[in-house]
Amino acid sequence: MKQAAFTSNRFFLFILSIFCIITAFWSFASAAPRKGATGGGEAVSLADSWMEAIHTLNIDQYVSQYWDDAKQLYVEPNGVVYLFEGKQAIYDQQNTIFRNYGDAMASYVFPKPEFMADEITDTPQIVFKYENAHLIYEVLRLEERGGQTKIAEQWIFSRLFDPFPETGELNAWADNNGNGLLDIDEQINLFNAVKNVMFSPGKVSNPLDEFFDWNENGKVDEVEAELARFELLRNRMRRIELFDEEFARQRTGLQNGTEVKAWNANQLLDNTLNKLKPGPLQDETWKAADFNSDDRISFIELEAYQDLVCRIAAVNNAPVLYTRSTYGFIDDIRKWADVDRDFTISDNEREDVILDLMDLIQYRDLAGSPVSRFFDRNRDTMITPEERDWTIDFVVYFLLPNALEQRIAVYNWFLNKEMVFTFNLDNKDALSQAEIDEMRDLLKTFDEQVWQKNDPDGTTHRWIDLDGNGVVETDESASYLQMLFMALFTAWLRLPEEEANSMEVRTMLDKTADIDNDGLLSMRERQDLIDALRRPHGVQTGADRMLDLNSDGSLSMEEIGRARESGNIPVNTVLTQRMAQPSAPLSPQASTAGGKSGTEASVIKPIALRGSTLAVLGVQDTTNTLKAGQTDLLISFLENAFVNFGNTAVVDRQNLAKIMEEYRFQSSAFSNDETAVEIGKLSGADVIAVAKLNSLADTYYLHLKVINVKTGTIIGSSISEGTSEKQFLNMCNAAVRPLF
32 MKQAAFTSNR
42 FFLFILSIFC
52 IITAFWSFAS
62 AAPRKGATGG
72 GEAVSLADSW
82 MEAIHTLNID
92 QYVSQYWDDA
102 KQLYVEPNGV
112 VYLFEGKQAI
122 YDQQNTIFRN
132 YGDAMASYVF
142 PKPEFMADEI
152 TDTPQIVFKY
162 ENAHLIYEVL
172 RLEERGGQTK
182 IAEQWIFSRL
192 FDPFPETGEL
202 NAWADNNGNG
212 LLDIDEQINL
222 FNAVKNVMFS
232 PGKVSNPLDE
242 FFDWNENGKV
252 DEVEAELARF
262 ELLRNRMRRI
272 ELFDEEFARQ
282 RTGLQNGTEV
292 KAWNANQLLD
302 NTLNKLKPGP
312 LQDETWKAAD
322 FNSDDRISFI
332 ELEAYQDLVC
342 RIAAVNNAPV
352 LYTRSTYGFI
362 DDIRKWADVD
372 RDFTISDNER
382 EDVILDLMDL
392 IQYRDLAGSP
402 VSRFFDRNRD
412 TMITPEERDW
422 TIDFVVYFLL
432 PNALEQRIAV
442 YNWFLNKEMV
452 FTFNLDNKDA
462 LSQAEIDEMR
472 DLLKTFDEQV
482 WQKNDPDGTT
492 HRWIDLDGNG
502 VVETDESASY
512 LQMLFMALFT
522 AWLRLPEEEA
532 NSMEVRTMLD
542 KTADIDNDGL
552 LSMRERQDLI
562 DALRRPHGVQ
572 TGADRMLDLN
582 SDGSLSMEEI
592 GRARESGNIP
602 VNTVLTQRMA
612 QPSAPLSPQA
622 STAGGKSGTE
632 ASVIKPIALR
642 GSTLAVLGVQ
652 DTTNTLKAGQ
662 TDLLISFLEN
672 AFVNFGNTAV
682 VDRQNLAKIM
692 EEYRFQSSAF
702 SNDETAVEIG
712 KLSGADVIAV
722 AKLNSLADTY
732 YLHLKVINVK
742 TGTIIGSSIS
752 EGTSEKQFLN
762 MCNAAVRPLF
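Residue numbers for the sequence shown follow this note's numbering, so the first one is 32 and each next one is one higher.
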């Protein structure tokens, strides 16, 4: 907050511009100055007298409405607050405005004032809310003393930037006159477009919508709107001080240092969208929205802050580093990390990448950066639990051994020294499976063990105890994770391009792109697959030919959609331990046992259902090719297989139909695991079975899941395949048999 002095040229221009430019927006209010207002008592009289003083340019009448110790806050569009303290300071600045812009003041039109009480402090206030004008709010906060009511605080929130901001790559489309600047009308158009794409998505209506229409279907859906929020309010807020230093310092919650890093941008995103609440400050970062510094956030401050952040996001002219055409390869990650564009990746920029990788491993479902895009195998912009699991495999089976071999030097800020990253629990040179399992468990649970509980000493991974004192402190565990991920990313950067970008085949979609059948997707194979999934086009590559289901020489959106669906079907899944034994041969139609990772997460052990009651809820046909009654036939085949192979009691189909009708469940309800469990409970089943039929490259795949009704957990899973409808019976048998 700045103590305003009348000699400040920058502030003087700011104040005068409000009353100069605002005349362009008279059409949004009534045609004549307002003489009365709805409300009660002294507040109405004060409002009328205050507006009359402005219209008549009566400075004495104007300033008589304020207490001697009154405060006047002018908030610039970037959040900088100019503070006038005391009646004399308010007199001086307003008198200058009257002298210079008296004509505009005399005919100025106020919006209808609202009389209300601040719900947090119970302070009575008069609120002028502007729509599409230079101002957002003007608030007169009143205080009663000795039987008199006067203005104790005045807030003025400005909306439009002046001088006009320069355009950047993402907002140049709004520059209608092509002068490289965003004038008033252009700013308003841009602000509306930014808010709509983030919070009211719909049909593509401008280039910003088009930018975020990643599936190119002519509309912005909810996933794309989430991506827009993440890109505009988080990714592009990294190093926002390069665009607006004052905003970064005062309105991002930046507490230490001068650089807004991904961690700070995460806080800014979370605070703007959902964490900030009216009331007392609950976090130091909340001070960013406390414009009058009273350690509380009012409803008006909250709304003004959210509007401010969105406007900064709109005019931010940072370079575009992530688009729908980004492959997400290591070079894309390197360019995304280099946010200051100096062609080097600093330690702070490396920390941005490792934070994204940690977020991806723990909880983030959105492929919001090239880091997570690398692991978004089917390019649907979302990270599935399977993709998250495969990400962990990539880290422990590929990056970790490379980091250890390269002997990466990292900084241990807990011990305040640089050291070579090591991970050796058994004093042997080779990385053992037990060590891999330990690291894998840490990666899957560090959010709970280290951060959420804030009590890492309860962790089972005692090797995090860096100083060897027998206690794992919070800073100690956080330092270890920082060292680990810094070593992983540094090793990744040092690898040859082909090796860094190759990926093991894990899904049926991967399999179609593995043209040389070596079990790895090369960089070229991945590029062809990614290009194939972008938009309808003519067949050009081997991946295109595999996805062209009707062999008509072109890929339709329907074929691309079915291909993306197959990106959720794993291959080389170990169905059961028993299946790997020679005494229990696997049907040719079922998935083969094995897998390079050998991790427990990919193993589905045999299930014990004897004596249980099972309900086969349905088969979801994603191929849209089955005729009426064929899905019922598949259900019958599955029920028969469960009875024969599992010796289970199966809930009668008629009873299930009655439940579906009585509780008005849709026929597709079983496609949602939680809803399916509810149906299972109502049917009296102990376990339920749901299946999904997919097709890819002239092959049917039946993915069967068995779920415990009581716990809601998947206790069995298998995939079988067949080349025609004649093999449906064998496919059902092959899917059920390995589970027992």
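C-beta atoms are modelled at their ideal positions from N, C-alpha and C, and glycine is treated no differently.
I'd like the list of long-range same chain contacts for residue i, defined as Cβ closer than 8 angstroms, with 5 residues on each side in sequence excluded.
i      : result
Asn599 : Asn409, Thr415, Glu417, Thr538
Asn354 : It should be noted that the sequence gives Thr, not Asn, for residue 354. Within the same chain, Thr354 has close Cβ partners Phe242.
Ala465 : Leu456, Asp457
Gln92  : Ser80, Glu83, Ala84
Asp498 : Phe445, Leu446, Glu507
Drop a sphere of 10 angstroms on the beta-carbon of residue i, count the other beta-carbons inside from all chains shown, and report buried for 16 or more, exposed for fewer.
i      : result
Val351 : exposed
Phe37  : Unreliable positioning characterises Phe37 in this predicted model, as indicated by a pLDDT of 42, which lies under 50. The coordinate reading is nonetheless provided below. It counts as exposed.
Trp421 : buried
Arg525 : exposed
Gly649 : buried
Leu446 : exposed
His492 : buried
Trp294 : exposed
Val451 : exposed
Phe374 : exposed
Pro769 : buried
Val502 : exposed
Met102 : Here residue 102 turns out to be Lys, not Met, going by the sequence shown. Buried.
Gly677 : buried
Ala259 : buried
His165 : buried
Gly711 : buried
Arg593 : buried
Pro601 : buried
Asn246 : buried
Gly72  : exposed
Among residues of its own chain, excluding the 5 on either side of residue i, which ones have a beta-carbon nearer than 6 angstroms to its beta-carbon?
i      : result
Met762 : Gln620, Leu733, Ser751, Gly753
Gly550 : Val536
Asp559 : Thr572, Ala574
Leu296 : Note that residue 296 is Ala in the sequence shown, not Leu. Counting only Cβ-Cβ distances below 6 angstroms, and skipping sequence neighbours, we find Arg265, Met268, Arg269.
Leu239 : Ala224, Val228
Glu83  : none
Start and end of the alpha helix (DSSP H) containing residue i?
i      : result
Asn412 : One detail in the question is off: residue 412 reads as Thr in this sequence, not Asn. Premise fails: Thr412 is in no alpha helix (DSSP H) and is neither H nor E.
Glu556 : 554-563
Thr303 : Thr303 -> no alpha helix (DSSP H), and no H or E assigned at all.
His165 : Per DSSP, His165 belongs to no alpha helix (DSSP H) and is neither H nor E.
Asp663 : 661-677
Ser749 : That residue, Ser749, is in no alpha helix (DSSP H); its beta strand (DSSP E) goes 745-753.
Gln92  : 90-94
Val75  : 72-87
Phe115 : Looking at the DSSP string, Phe115 is not in any alpha helix (DSSP H); the run it does join, the beta strand (DSSP E), is 112-116.
Glu705 : 704-714
Ala319 : Counting along the chain, Ala319 falls outside any alpha helix (DSSP H), and DSSP gives it neither H nor E.
How far does the beta strand (DSSP E) with residue i in it extend, from its first residue to its last?
i      : result
Gln103 : 97-106
Leu724 : 718-727
Tyr732 : 730-739
Gln651 : 644-652
Phe759 : Segment 759-767 is the alpha helix (DSSP H) holding Phe759; no beta strand (DSSP E) there.
Tell me whether residue i, by its Cβ, gets closer than 7 angstroms to a heavy atom of the ligand PLP.
i      : result
Thr744 : You won't find the ligand PLP in this model; it holds no ligand whatsoever.
CB-CB under 7 angstroms to residue i, same chain, minus the five flanking residues each way: which ones, in chain order?
i      : result
Ala716 : Thr644, Leu645, Ala646, Val682, Val740
Ala279 : Ile271, Glu272, Leu285, Val291
Asp338 : Ile167
Pro311 : Asp326, Arg327
At 4 residues or longer, what runs of the alpha helix (DSSP H) sit wholly inside the region 393-477?
401-404, 416-425, 431-437, 464-477
Sufficient close CB pairs (3 or more, under 8 angstroms) joining the region 359-366 to the region 517-531
yes
Continuous beta strand (DSSP E) assignments of at least 3 residues falling wholly in the region 476-544
none
Does the region 127-140 come close enough to the region 107-115 that 3 or more CB-CB pairs lie under 8 angstroms?
no
Three Cβ pairs or more, each shorter than 8 angstroms: is that satisfied between the region 721-739 and the region 569-580?
yes
Which runs of the alpha helix (DSSP H) fall wholly inside the region 189-270 and span at least 4 residues, in chain order?
You should have 215-230, 238-243, 253-264.
Please determine if the region 273-288 and the region 218-233 are in contact, where contact requires at least 3 C-beta pairs separated by less than 8 angstroms.
Fewer than three beta-carbon pairs drawn from the region 273-288 and the region 218-233 are found closer than 8 angstroms, and the two stretches are therefore not classed as touching.
Any contact between the region 204-223 and the region 364-372? By contact I mean 3 or more CB pairs, one from each, below 8 angstroms.
no
Write down every uninterrupted run of the alpha helix (DSSP H) in the region 339-381 whose length is 4 residues or greater and which is fully enclosed by it, in chain order.
Complete alpha helix (DSSP H) runs here, min 4: 361-368.
Can you find at least 3 beta carbon pairs, one from the region 318-329 and one from the region 198-210, that sit closer than 8 angstroms?
no
Should the region 136-148 be called in touch with the region 114-125, which here means at least 3 C-beta pairs below 8 angstroms?
no
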